[in-house]
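Engineer: Sharing a structure below in structure tokens format, with a few things to ask.
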Amino acid sequence: MSVKIGINGFGRIGKIVFRQLFERLKNRDVQFFINDLATPNQIRYSLLFDTNYGHFNHAVVSTDSAVQVGSFTIPIYKETSPENIPWDVDIVIESTGRFTTLDKASKHRAKNSVIVTGPSKDIPMVVLGVNDSILSENHREISIASCTTNCLAPLARSVHEKFQIIEALMTTVHACTQSQLLVDGYRDDLRDGRSAFQNIVPSTTGAAKAVGIVYPALKGKLTGIAFRVPVSTVSVVDLTVRFERKTSLEQILNHLHEEENTRLKGILAVSKEEGVSSDFKGDTHSCIVDATSCVQLNESFYKLIAWYDNEWGYSSRVCDVVMQRLEKNG
Numbered sequence: 004m005s006v007k008i009g010i011n012g013f014g015r016i017g018k019i020v021f022r023q024l025f026e027r028l029k030n031r032d033v034q035f036f037i038n039d040l041a042t043p044n045q046i047r048y049s050l051l052f053d054t055n056y057g058h059f060n061h062a063v064v065s066t067d068s069a070v071q072v073g074s075f076t077i078p079i080y081k082e083t084s085p086e087n088i089p090w091d092v093d094i095v096i097e098s099t100g101r102f103t104t105l106d107k108a109s110k111h112r113a114k115n116s117v118i119v120t121g122p123s124k125d126i127p128m129v130v131l132g133v134n135d136s137i138l139s140e141n142h143r144e145i146s147i148a149s150c151t152t153n154c155l156a157p158l159a160r161s162v163h164e165k166f167q168i169i170e171a172l173m174t175t176v177h178a179c180t181q182s183q184l185l186v187d188g189y190r191d192d193l194r195d196g197r198s199a200f201q202n203i204v205p206s207t208t209g210a211a212k213a214v215g216i217v218y219p220a221l222k223g224k225l226t227g228i229a230f231r232v233p234v235s236t237v238s239v240v241d242l243t244v245r246f247e248r249k250t251s252l253e254q255i256l257n258h259l260h261e262e263e264n265t266r267l268k269g270i271l272a273v274s275k276e277e278g279v280s281s282d283f284k285g286d287t288h289s290c291i292v293d294a295t296s297c298v299q300l301n302e303s304f305y306k307l308i309a310w311y312d313n314e315w316g317y318s319s320r321v322c323d324v325v326m327q328r329l330e331k332n333g
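The opening residue of the sequence shown carries number 4 in the numbering used here; numbering runs sequentially from there.
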């Protein structure tokens with residue numbers, strides 16, 4: 004039976020999700036649709052060439068109303084409201100960043116699921132490796148939370164269940180994003196208006212508080228801030244944590260290594276190499292613990308460092324949820 008998947012918004016995440024899904028589904032009976040205000044030729048070019056991840060290894064041509072990827076013809080629509088998109092699809096991937104509330108996302112014409120690629124105030128959020136059970140509750144609309152929450156939450160849950168977190172602070176040193184400016188300009192948040200590639204920009208983040216939503220055991224125990232830095236992708240979480248149970252850095256890393264090979268396989272990894280951010284570009288894990296950078300002050304107080312490709316790793320989790328939805332619905 005043919006599967007129909009619509010992608011609303013073909014920006015950074017929409018495009019990377021398509022790249023990954025295409026590789027996973029290219030040998031199945033699947034039809035893709037794209038809704039974006041870009042022209043088919045712009046979409047063709049963007050799909051073929053990517054500064055972060057290189058050339059797309061499939062032929063792509065465009066027509067007046069579609070792009071063709073290999074033998075797949077993908078219609079392009081240009082609607083600004085979800086209810087007006089003329090597709091009849093099984094799954095919608097909502098990646099515009101504009102329709103993240105239940106009221107707006109529910110207007111999509113999807114038989115099965117609407118998967119929102121960002122945090123939401125009223126759509127159930129799932130972080131794989133933390134609260135996967137949300138996927139069995141038959142919610143039509145699902146939020147995949149943020150890239151930072153997807154890095155932080157599996158790590159925080161894992162160490163909390165083993166060593167019991169009393170309190171923690173998180174800092175994410177985050178790659179710049181499409182919403183930032185290349186040169187100084189104006190934003191409601193004054194610092195957001197400063198040049199992304201000439202500054203380290205302090206910013207707010209809801210990622211730490213979102214952990215308390217997807218994993219209520221940590222509600223009120225964790226908060227954090229962000230710094231936007233001039234790199235194009237790959238970010239890093241600094242989790243400073245106080246444990247109730249006395250332990251050692253060796254025990255913590257051994258525990259995380261066990262999780263890497265069992266419950267959190269494919270979600271969390273432990274790196275013992277002295278890596279830098281670009282070494283983790285294209286890594287599909289949500290969280291890569293940097294064993295060489297974690298530090299211990301005493302038996303209760305630690306700094307845990309974890310890398311994540313905020314584009315590719317996050318998109319991998321979106322694709323995982325899509326695949327689970329497809330398997331569940333035959």
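Each residue gets a CB set at the ideal place from its N, CA and C atoms; glycine is no exception. This one's a predicted model, so the numbers in the text were calculated from it and none came from an experiment.
Does the structure place the segment 138 to 147 close enough to the segment 225 to 243 that three or more beta carbon pairs sit under 8 Å?
Structural biologist: no
Engineer: For the beta strand (DSSP E) that contains serine 203, what are its first and last residues?
Structural biologist: The count along the sequence shown starts at 1 and reaches residue 203 at position 200. Checking the sequence shown, residue 203 turns out to be isoleucine, not serine. Per DSSP, isoleucine 203 belongs to no beta strand (DSSP E) and is neither H nor E.
Engineer: When burial is assigned at 16 or more other CB atoms within 10 Å of the CB, is lysine 268 buried or exposed?
Structural biologist: As a first step, residue 268 must be located in the sequence shown, where it is residue number 265. Around the Cβ of lysine 268, a 10 Å sphere holds fewer than 16 other Cβ atoms; the residue is exposed.
Engineer: Spell out a yes or no on whether the segment 8 to 23 and the segment 38 to 45 are touching, meaning 3 or more CB-CB pairs, one atom from each, closer than 8 Å.
Structural biologist: yes
Engineer: How is the beta strand (DSSP E) around isoleucine 168 delimited, first residue to last?
Structural biologist: Counted from its first residue, the sequence shown places residue 168 at position 165. Its beta strand (DSSP E) spans residues 168 to 178.
Engineer: Count the other CB atoms, across all protein chains shown, that sit within 10 Å of the CB of valine 119; report buried if there are 16 or more and exposed otherwise.
Structural biologist: Your numbering for residue 119 matches position 116 in the sequence shown. Result: buried.
Engineer: Terminal residues of the continuous alpha helix (DSSP H) containing glycine 17?
Structural biologist: For the purposes of this step, residue 17 is identified with residue 14 of the sequence shown, where counting begins at 1. 15 to 28 is the span of the alpha helix (DSSP H), which, as asked, contains glycine 17.
Engineer: Give a yes or no on whether the C-beta atoms belonging to arginine 47 and serine 65 are separated by under 8 Å.
Structural biologist: Your numbering for residue 47 matches position 44 in the sequence shown. Your numbering for residue 65 matches position 62 in the sequence shown. Contact: yes.
Engineer: Three Cβ pairs or more, each shorter than 8 Å: is that satisfied between the segment 105 to 124 and the segment 275 to 285?
Structural biologist: no
Engineer: Taking the Cβ atom as the reference point for each residue, do arginine 15 and glutamine 181 lie within a distance shorter than 8 Å?
Structural biologist: Here the question's residue 15 lines up with position 12 in the sequence shown. Here the question's residue 181 lines up with position 178 in the sequence shown. Contact annotation: arginine 15 and glutamine 181 have beta-carbon atoms nearer than 8 Å.
Engineer: Sorted by chain position, which residues of the same chain lie with C-beta nearer than 7 Å to valine 214's C-beta, five sequence neighbours on each side aside?
Structural biologist: Locating residue 214 in the sequence shown gives position 211, where the first residue counts as 1. Contacts found: Thr152, Leu155, Ala156, Ala159, Leu221, Leu225.
Engineer: Within the same chain, show all residues whose beta-carbon is closer than 6 Å to that of alanine 211, passing over the 5 residues directly before and after it, in chain order.
Structural biologist: Position 208 of the sequence shown, counted from the first residue, corresponds to residue 211. Listed in chain order, the non-local C-beta contacts of alanine 211 below 6 Å within the same chain comprise Met173, Leu225, Thr226, Gly227, local neighbours out to five positions each way being set aside.
Engineer: Inspect the beta-carbon positions of aspartate 187 and serine 198 and report whether they are closer than 8 Å.
Structural biologist: Locating residue 187 in the sequence shown gives position 184, where the first residue counts as 1. Locating residue 198 in the sequence shown gives position 195, where the first residue counts as 1. Yes. Within cutoff.
Engineer: In terms of alpha-carbon separation, which member of Asn55, Arg31, Ile94 lies closest to valine 321?
Structural biologist: The residue labelled residue 321 in the question sits at position 318 within the sequence shown. For the residues Asn55, Arg31, Ile94, the minimum Cα distance to valine 321 belongs to Ile94.
Engineer: For tryptophan 315, does the three-state DSSP call read helix, strand or coil?
Structural biologist: The residue labelled residue 315 in the question sits at position 312 within the sequence shown. In the structure shown, the three-state DSSP call for tryptophan 315 is helix.
Engineer: Straight-line CA distance for glutamate 262 to lysine 18?
Structural biologist: Here residue 262 is taken as the residue at index 259 of the sequence shown, counted from 1. Here residue 18 is taken as the residue at index 15 of the sequence shown, counted from 1. Distance between glutamate 262 and lysine 18, taken at the CA atoms: about 31 Å.
Engineer: Going by Cα to Cα distance, which pick from Ile168, Val217, Pro78 is closest to serine 123?
Structural biologist: The sequence position of residue 123 within the sequence shown is 120, counting from 1. Answer by Cα proximity: Val217.
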